[in-house]
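Be aware that the sequence shown starts at 902, since it is given in the numbering used here, and climbs by one per residue. The beta-carbon is built from N, C-alpha and C at its ideal position, and this holds for glycine as well. All of these numbers come straight from a predicted model, not from anything done at the bench. Worksheet for the structure shown next.
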Amino acid sequence: MSAPRLEIDLDKIQHNACTLVERLASRGIAVTGVTKAFLGNPDIVHALLRAGVRSLGDSRIENIDSMRRANIEAPLALIRSPMLSQAEQVVALADVSFNTELEVIRKLSSVALKTNRNHGIVLMVELGDLREGIMPGELENTVLEILGLPNILLKGIGTNLACRCGVSPDASNMAELSALADAIEARFKIQLSIVSGGNSGNLQWALSGADTGRINDLRLGESILLGCETLQRQTIDGLYTDAISLIAEVIESKDKPAQPWGEIAQNAFGEHTVIRKQGTIAQAILAIGRQDIDPDGLEAPDGIEILGASSDHLILDTGASYLPVGSELRFQLNYSALTRAMSSPFVTQHIMGGNTELVSNYF
Ligand SMILES: *Cc1c(COP(=O)(O)O)cnc(C)c1O
């Protein structure tokens, strides 16, 4: 089998998604499956849909385009504010987009009018994490203007926490989002069908038994794929953490001194390396590198330590074991390593389960 490759177990992904869908349903919350980490791969999307996710969200219009081409039949949302330069594609491909800039929404409206389509809008509200969002005090004025825009349908509001600054979703910021939804409905005599509370970082709050108020949607990516919440990266009870793993192949295996020799300057990435180990180590090189993964996001098997990585080489201390050239090693990945591996044209994807056994490369 070709290496490096991602082994993707659709049954485990479906189990994870289904478990979260059921637990959140009991709290009155539906799941938007977030597809960006796997670039909208239709096999994985179908596993999410079998699990009962209500809609799909992606931050890249290109991935939404792929899902359209694969005839995915679920509402598709662009969950990053559209680029002005992509307004035509956004209106043509996405049912809904998440927005924070009136200028963009005006452009979406004019494109929608011209092409005789309707386009849904979820307005993102800033609640403290300082990534995207309209300041709460500006929300009503924004709504006032977009209600007058042709071919634009205001579907709801949302927020995103726990991403840039790690601000945790809690009773107070979630109650604020609910109150904003109530206030808009009361002032404008409209109904907001979506109140999207956040991402995998919201699970602890949503499943804690707290009053979920008006929140009726969470956008989940990492928790479905990796089985953890994202505030402390704790495993979620009953979920698989090994639905996806990475396999790479050994291309060199030698006993080498732990310490480099010669005059030491910057490495290939402008860093000064400090190596504490002394003596001789069993060093192995795998044919994968920073172009394909985030080396800090890989978890090696017990007894094996990742020493470093350049663009195309991953260097290991294999400890007491000797890894012959040609042998393979399996790693668990964090989200950062996963997204990079999924988007590397050098990493194939071996999809298992879901009643299919197929090897594909996205490119
Ligand atoms: C990526 C993303 C998500 C999903 O986040 P996870 O932590 O993977 O669940 C949700 N909302 C927005 C706006 C995103 O960009």
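Original post:
For ligand 1, any of its heavy atoms closer than 6 Å to the Cβ of G941?
Top reply: Locating residue 941 in the sequence shown gives position 40, where the first residue counts as 1. Not under cutoff, so the answer is no.
**OP:** For the segment 979 to 998 and the segment 1009 to 1017, state whether three or more C-beta atom pairs, one from each stretch, are separated by less than 8 Å.
**Re:** yes
Original post:
Quick one: what does DSSP say A1149 is sitting in, helix, strand or coil?
Top reply: Sequence index remark: in the sequence shown, residue 1149 carries index 248 (1-based). Three-state DSSP puts A1149 in a strand.
Subject >> Of the listed residues I945, S1073, I1116 and L1104, nearest to L1093 (C-alpha basis) >> reply: Along the sequence shown, one-based indexing puts residue 1093 at 192. Considering only alpha carbons, the answer is I1116.
Original post:
Excluding sequence positions up to five away, which residues of its chain have a Cβ less than 8 Å from the Cβ of E1229?
Top reply: Reading the sequence shown from its first residue, position 328 is the one you call residue 1229. So the qualifying residues of the chain are A904, I1148, A1149, E1150 and V1151.
**OP:** Run the CB neighbour count on H1173, radius 10 Å, all protein chains shown included, and call it buried at 16 or more, exposed below.
**Re:** Against the sequence shown, residue 1173 aligns to sequence position 272. H1173 should be labelled exposed.
Original post:
If you measure from the CB of N1074, is any heavy atom of ligand 2 nearer than 6 Å?
Top reply: As far as ligands go, the structure on display features ligand 1 and does not contain ligand 2.
Original post:
Is R1177 near ligand 1, going by C-beta to nearest heavy atom under 6 Å?
Top reply: Numbered from its first residue, the sequence shown carries residue 1177 at position 276. Result no, Cβ not under 6 Å from ligand 1.
**OP:** Look up D1112 in the DSSP assignment and give the residues it is bridged to.
**Re:** Along the sequence shown, one-based indexing puts residue 1112 at 211. D1112 is not bridged to any residue.
**OP:** In the DSSP assignment, find the beta strand (DSSP E) that holds M1253 and state where it starts and stops.
**Re:** Along the sequence shown, read from residue 1 onward, the residue named residue 1253 stands at position 352. Taken as a continuous stretch (DSSP letters only), the beta strand (DSSP E) holding M1253 covers T1249 to M1253.
**OP:** State the Cα-Cα distance for the pair I1252 and M1243, rounded to the nearest angstrom.
**Re:** Here residue 1252 refers to the residue found at position 351 when the sequence shown is read from its first residue. Here residue 1243 refers to the residue found at position 342 when the sequence shown is read from its first residue. Going by the C-alpha atoms only, they are around 12 Å apart.
**OP:** Assuming G1034 contacts V1026 (C-beta within less than 8 Å), just tell me the rounded distance between them.
**Re:** If you number the sequence shown from 1, residue 1034 lands on position 133. If you number the sequence shown from 1, residue 1026 lands on position 125. 5 Å between Cβ atoms; contact.
Subject >> Check whether G958 and V932 have beta carbons under 7 Å apart >> reply: Taking the first residue of the sequence shown as position 1, residue 958 is located at position 57. Taking the first residue of the sequence shown as position 1, residue 932 is located at position 31. In this structure, the beta-carbon distance from G958 to V932 does not fall below 7 Å.
Original post:
When the Cα atoms are used, what is the spatial distance from A1238 to F1089?
Top reply: Position 337 of the sequence shown, counting from 1, holds the residue named residue 1238. Position 188 of the sequence shown, counting from 1, holds the residue named residue 1089. Rounded to whole angstroms, A1238 to F1089 spans 45 Å at the Cα level.
Original post:
CA-CA distance, Y1263 and P1246?
Top reply: Along the sequence shown, one-based indexing puts residue 1263 at 362. Along the sequence shown, one-based indexing puts residue 1246 at 345. Confidence at Y1263 is low in this model, with a pLDDT of 39, below 50, so its placement is unreliable and the value that follows should be read with caution. Roughly 7 Å separates the two Cα atoms.
Original post:
Who are the near neighbours of A1136 in its chain, counting only those whose CB is closer than 8 Å to its CB and skipping five residues on each side?
Top reply: Taking the first residue of the sequence shown as 1, we reach residue 1136 at position 235. Residue identity differs from the one stated: residue 1136 is Thr in this sequence, not Ala. Counting only Cβ-Cβ distances below 8 Å, and skipping sequence neighbours, we find G1128, C1129 and T1142.
**OP:** Confirm, please, whether the CB-CB distance from G953 to V922 is below 7 Å.
**Re:** Taking the first residue of the sequence shown as position 1, residue 922 is located at position 21. Taking the first residue of the sequence shown as position 1, residue 953 is located at position 52. Yes.
**OP:** Give the DSSP-derived three-state secondary structure of E1046 in the structure shown.
**Re:** In the sequence shown, residue 1046 corresponds to position 145, counting from 1. It is helical.
Original post:
Do you know whose CA, among A1221, L1132, Q915 and E1153, lies nearest D884's CA?
Top reply: There is simply no residue 884 to check, as the chain begins at 902 and stops at 1264 in what is shown.
**OP:** Kindly provide the ranges of any alpha helix (DSSP H) runs that are 4 or more residues long and lie completely inside the segment 944 to 1016, ordered along the chain.
**Re:** Entirely contained in the segment 944 to 1016, the alpha helix (DSSP H) runs reaching 4 residues are, in chain order, 962 to 970, 988 to 994 and 1003 to 1015.
**OP:** Starting from F1089, follow the alpha helix (DSSP H) in both directions and report where the run begins and ends.
**Re:** Looking up residue 1089 in the sequence shown gives position 188. Looking at the DSSP string, the run of the alpha helix (DSSP H) that includes F1089 is A1072 to F1089.
**OP:** Determine the contact status of R1018 and N1061, defining contact as a CB-CB distance below 7 Å.
**Re:** Sequence index remark: in the sequence shown, residue 1018 carries index 117 (1-based). Sequence index remark: in the sequence shown, residue 1061 carries index 160 (1-based). It is not a contact, given that the beta carbons lie outside the stated cut-off.
Original post:
Per DSSP, D1118 forms a beta bridge with which residues?
Top reply: Taking the sequence shown and counting its residues from 1, the one referred to as residue 1118 is at position 217. A931 and S1097.
Original post:
What do you reckon, is the C-beta of E1123 under 6 Å from a heavy atom of ligand 1?
Top reply: Here residue 1123 refers to the residue found at position 222 when the sequence shown is read from its first residue. It does: the Cβ of E1123 is within 6 Å (strictly closer) of some heavy atom of ligand 1.
Original post:
What are the boundary residues of the alpha helix (DSSP H) that includes V922?
Top reply: Residue numbering aside, residue 922 sits at position 21 when the sequence shown is read from its first letter. Taken as a continuous stretch (DSSP letters only), the alpha helix (DSSP H) holding V922 covers L911 to A926.
Subject >> Sequence-distant residues of its chain with Cβ nearer than 8 Å to S1124 (five each side left out) >> reply: Position 223 of the sequence shown holds residue 1124. The residues are N917, L921, S1101, L1104, E1130, T1131, I1137 and L1140.
Original post:
DSSP state of A904, grouped into three classes?
Top reply: In the sequence shown, residue 904 corresponds to position 3, counting from 1. It is coil, neither helix nor strand.
Original post:
Of the choices R961, A1183, A1072 and N972, whose alpha-carbon is the least far from that of S998?
Top reply: Here the question's residue 998 lines up with position 97 in the sequence shown. The candidate whose alpha carbon is nearest that of S998 is R961.
**OP:** Could you name the residues of the same chain whose beta carbon sits closer than 6 Å to that of M1036, not counting the 5 residues immediately before and after it, in chain order?
**Re:** Counting from one through the sequence shown, the residue named residue 1036 turns up at place 135. Excluding positions up to five away in sequence, the list reads E1027.
**OP:** Report the rounded CA-to-CA distance for G1029 versus V1226, giving the unit in angstroms.
**Re:** Sequence index remark: in the sequence shown, residue 1029 carries index 128 (1-based). Sequence index remark: in the sequence shown, residue 1226 carries index 325 (1-based). One C-alpha to the other measures close to 51 Å.
Subject >> Proximity winner among S986, E1041 and G1059, relative to I1022 (alpha-carbon distances) >> reply: Stepping through the sequence shown from its first residue, residue 1022 is reached at position 121. Checking every option, the nearest Cα to that of I1022 belongs to G1059.
Subject >> Cβ shell of S967 (< 6 Å), same chain only, five flanking positions each side left out >> reply: For the purposes of this step, residue 967 is identified with residue 66 of the sequence shown, where counting begins at 1. The answer, listed in chain order, is G941.
Original post:
Helix, strand or coil for S1222 per DSSP?
Top reply: Looking up residue 1222 in the sequence shown gives position 321. It is coil, neither helix nor strand.
**OP:** Tell me whether F939 is buried or exposed, calling it buried when 16 or more other Cβ atoms sit within 10 Å of its Cβ.
**Re:** Start at 1 with the first residue of the sequence shown, and residue 939 comes out as number 38. F939 comes out buried.
Original post:
Pick from R924, Q1179, L1215 and G1171: whose alpha carbon is nearest that of R1191?
Top reply: Counting from one through the sequence shown, the residue named residue 1191 turns up at place 290. Selected option, being the one with the closest Cα: L1215.
Original post:
Where does the unbroken alpha helix (DSSP H) through R1241 begin, and where does it stop?
Top reply: Here residue 1241 refers to the residue found at position 340 of the sequence shown. First-last of the alpha helix (DSSP H) with R1241: Y1236 to M1243.
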